[in-house]
Every structure is written in structure tokens, then in C-alpha cells.
Amino acid sequence: MTKKVLFSTLILLFGITNAQIGIGTPNPRGALDINKPTTNEHGLVLPTNSSTTNISNPSGGEVAIGTIIYDSAADCVKVYKSTGWSNCLCDTCDGTTIVPLSTLDCSRGALTGTYIQGTQSTGTKIINYTGGSGQAYGAIHIASTGVTGLSATAPAGTFATGNGNITLEISGTPNKSGTASFKVTLGGQTCTFIITVQPKIARRINILSLTPDNWASNLSSDSYTSVARSKLNNSSHFGPSGDVKIEGFNYKTINVSQSSDQAFNDAIDNADIIWVGYITNSTFPQSKRNILAQKITEKKKFFYLGADGGTAFFPFSNFAGYSFTSTPNNKNGKISATNVGPTNGIFGNIPVGSTIVFNRYVGGISFPSTASSFMDTENGRPTGIIDDNLIIIGDINWYINRDSRDGFINGTSSCTQNNNSILFCNIFEKAIEYVLTH
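Sequential numbering from 1052 applies to the sequence shown in our numbering.
Shown next as C-alpha cells:
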């Protein structure tokens, strides 16, 4: 009897090992079918582990191809293939599945590239991480904040198992100088890195002075404006690393008495800042005065006019909608308005009532409604005017170093030495800003 039972059992086991197995169904559709056709209320719970590195073959050797587990750390199902463990089996695998890295480090990875305001810039940034588990991540695109216009990107990929890094490509045109910030979120971790964007270094600025200057003080070359030029040539004030970032100045002159109208027109077109000092009306033909007025109206260049010396000198008594009168022996101008034109700027703010040292004749100015006054004579007449791309001041001695009472006598190359220095350098700051944006 015992032999018969044993024989029957062996036959049954042999049949089971060579047949399909169905649990909950009499008609298995595979080697193992756990199913009720449409009424299952319970799912299949897979073997679970926090890392695929912990999975082993109970018979020894390599993990069997086709082994399936639920990775609790990556929060997904993985299968062992001939090439090793797969990434997460997911619906879209677009990088939205969070892979909990241990750390994400933006601070130590190398940053390359040079980033300059208004200039197409490129570089790279390496982001380090620890605790990767082979999970896929989607394409990365991060727009900069603070300074905008830059983007950090990387194609979709997979994290290494353990520690690794991702290289972000950085490109774009920064909208300004300052700090561009990038917030990186990957694998459930976040870190931020920054890029310092350098100010744009402008080209050289061309100054055109009109001659013949009757006081031997044209701004471009005469000895009596040497202190003024020393302030402009001070690279800590005007230079690649200066307060106003330019490459420097070129100084040119044009003789209004001897040049042709076309040459005068072309000289203005090739300049950035046109500086008119002490020019007699007799040497300044009306045709060139008309050209100068037209160029001011075109608003492509910046102009400075000195209204000094009375009716024999330009721009007396009328020019481009302005009229001028002269007051002999006024010694000073007084700032009449703050935050108007050159009374405030990168080199300092000059309060109302502050003195600007003048000498000899001082011009009073009547001006159109488009202009604003920022300085008066001692008897209260406007003598400092700004109208967009035009500044007129009723004296030239305030920026020269000829006489003991002149504004820059015994002066230095500093733009902050005194009120006259601040005013002079602020004028050039405003002028440079204007020509670089028009």
C-alpha cells in the first residue's frame, strides 16, 4: 500500500512540474497565472528591497535574468536583464519620478566660462551627487534668476549607482551685470549655484573739441585743460576696471574756421561727445552752427556748450532755441536742483546751494520747456541746463587750470576732489551712458 501511495505522489509531482500553474483560475495562460478573470480584488506583492545590490540567487551564482523586485528606495519596479538591473519601470520615465539621492552638491564642482553683460556667454558647471541608484532623470533646463538671460541645460540620463556628477551646459546673454542664480532640483534634493556676470566694457569714447579756442583751452589738447584730461585719463575712474567701464578716450579736434561743412559734419558723426568751449562767433560760420544744431536735434551724440564771454562768443546770443545774456565778474555758480542731470551720479551727489567755482564772465540762459536747470548764477539766473543729450554751462573757467581762480587750478586727477570735479566727471558719466544707449 505504501508503495502505491508513493508512486501516485511522484506521478502527481511530475505532472505539476511540467504543467502550467493557475491560482484562482482553472485555465492558466502562462507558466504561472494568478488571476480571476475580471473579479480580482488583490494584487501581487513583489519581493521588496531598498537596493538591487542586496538581491541574490538562492541557488548561488548570478541573479537570474528576469528576476523582478520592488526597489523601495527608488519607489519603483526593476527587472534584472542580461545587461544588469534595469532603471525603473514607469509609465513615462520623463524624469518626474523622484530618486532620493543622499546629497546634491552645487558648491564644489568646477565652473567654466566668462560671463559678460550683454554678450553671448557659454560655459559649464559640474553638479556632484551621492547615493545614486541608477534611476533615470529627464532633460534639465534651468533659467537664471537675478541676472536673467542665462540657461543651464543637460540631456536626459541616469544617475550612477553611488556617487557621480552631472555637467550642465550654460549659455545665453546676461541682461545686466551682477549675480545669476541657478536652483538645481534632482533626485529629491536641491542646491543652488551662482555665476558672477561682469559689466560690459565699452569701447573707446571719442571726444571732439572745437577749435580755434580763444582761451587756448579746448578739452582735447590744450594745456589749460590738462587737469580735466587727467581726470578722464584716470583709469580708476574711466577704464576697464574703473567706476565707468570703458576702454578709454580718444581726443580729436576740428577747426570750425578752416574745415569744410562736410568735414565738420563727418567729424561730429565720427565722435561720441562734442565739447564746445570758447569759440568766437566770427570764426564759427553760420553754416556750421546750423549743422551743430541739427546734430543736437538728431539725438545720436552728446553735446556740451560753454556759454561764456558775451555777444562776441558762441553760442551768444541765440542758438537752437536758447538765448544767452552775460554777467561780468561773477565768481561762482550755485547748484539749484538735486537729482537733475550731473548734480548726482556715480562720482557723488552735489546738494542744493553748493558752490561751483566760476571765474569772470558768466552766462545766464533762457531755455525751452524741454530743458531743466540745475545751477544758477549768484544773482539767481539759470546758468546750468540739461536737455537730454545737451548740457550748457555759462562758464568755461570752472573746468580749466589757467588762473588762480579757475576751478581746476592746482587740481588732481581725482573725480571727487571737490564739487567742480564731481560735476565734471558726472557730466562724462551721463554722456557715456547716453552714447552707449543711443
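Don't be surprised by glycine CBs; every beta carbon is placed ideally from N, CA and C.
The region 1211-1225 makes no contact with the region 1424-1444: fewer than 3 CB pairs, one atom from each, lie closer than 8 Å.
Per the DSSP secondary-structure output, glycine 1094 pairs with nothing in a beta bridge. The residues Asn1269, Leu1270, Ser1271, Thr1304 and Trp1326, in chain order, have a CB closer than 6 Å to that of serine 1260 in the same chain once the five nearest residues on each side in sequence are set aside. Around the Cβ of aspartate 1312, a 10 Å sphere holds fewer than 16 other Cβ atoms; the residue is exposed.
The region 1321-1385 contains, as complete alpha helix (DSSP H) runs of 4+ residues, the segments 1337-1349 (chain order).
Straight-line spacing of the CA atoms in phenylalanine 1367 and threonine 1434 works out to 13 Å.
In the DSSP assignment, leucine 1219 falls within the unbroken beta strand (DSSP E) covering 1212-1223.
With 16 or more other Cβ atoms from the protein chains shown falling within 10 Å of its own Cβ, arginine 1411 counts as buried. Look at the beta carbons and you see the region 1232-1243 touching the region 1193-1209: at least three pairs across the two are nearer than 8 Å. Taking histidine 1489 as the centre and dropping the five residues before and after it, the same chain places the C-beta of Lys1350 and Lys1351 closer than 7 Å to its C-beta, in chain order. The C-beta separation of asparagine 1470 from threonine 1406 comes to about 6 Å, placing the pair in contact by the 8 Å criterion. Boundaries of the alpha helix (DSSP H) harbouring alanine 1482: 1470-1487, taken from the DSSP string. In the assembly as shown, lysine 1132 is an exposed residue. Its beta-carbon has fewer than 16 other beta-carbons within 10 Å. Excluding sequence positions up to five before and after phenylalanine 1398, its CB lies within less than 8 Å of the CB of His1288, Asp1294, Cys1466, Thr1467, Ser1472, Ile1473, Cys1476, Asn1477 and Glu1480, all in the same chain and listed in chain order. Beta-bridge partners of threonine 1406 (DSSP): Lys1385. Residue state for lysine 1282 is assigned as helix, using DSSP reduced to three classes. Contact check between the region 1155-1162 and the region 1235-1247: three or more CB pairs, one atom from each, fall below 8 Å, which counts as touching.
Contact between asparagine 1321 and asparagine 1257 holds, with the beta-carbon distance rounding to 7 Å and staying under 8 Å.
Where threonine 1434 is concerned, the enclosing beta strand (DSSP E) starts and stops at 1433-1438. A straight-line Cα-Cα distance of about 6 Å links alanine 1253 and glutamate 1298. Counting only residues of its own chain and dropping the five nearest sequence neighbours on each side, alanine 1388 has a CB closer than 6 Å to the CB of Phe1425. As for any beta strand (DSSP E) of minimum length 3 sitting wholly inside the region 1237-1305, the runs are 1240-1248 and 1253-1262, ordered along the chain. Of the candidates Ile1120, Gly1415, Ile1436 and Glu1092, the residue whose Cα lies closest to the Cα of threonine 1104 is Ile1120. Straight through space, the alpha carbons of asparagine 1341 and aspartate 1317 are spaced by roughly 14 Å. The criterion of a C-beta distance shorter than 9 Å is not satisfied by phenylalanine 1365 and isoleucine 1324. By alpha-carbon distance to isoleucine 1330, the top candidate from Asn1284, Gly1414, Ala1363 and Phe1375 is Ala1363. The residue among Val1278, Asn1179, Leu1162 and Glu1484 with its C-alpha nearest the C-alpha of glycine 1392 is Glu1484.
Taking 8 Å as the upper bound for CB-CB distance, leucine 1097 and valine 1128 are in contact here, some 7 Å apart.
Here the alpha carbon of threonine 1334 sits roughly 5 Å from the alpha carbon of serine 1308. C-alpha of arginine 1453 to C-alpha of threonine 1163: approximately 52 Å in a straight line. Phenylalanine 1315 sits in a helix when the DSSP states are folded into three classes. In this structure, glycine 1208 and tyrosine 1188 form a Cβ contact; the two beta carbons are roughly 6 Å apart against a cut-off of 8 Å. Taking C-beta atoms under 8 Å as the contact rule, threonine 1463 and glycine 1445 fail to qualify, at a distance of about 25 Å.
Cβ contact annotation for alanine 1371 (same chain, cutoff 7 Å, sequence separation greater than five): Ala1344 and Ile1347, in chain order. If you draw a straight line from the Cα of phenylalanine 1210 to the Cα of glycine 1239, it is about 13 Å long.
Counting along the chain, isoleucine 1442 sits inside the beta strand (DSSP E) bounded by residues 1441-1444.
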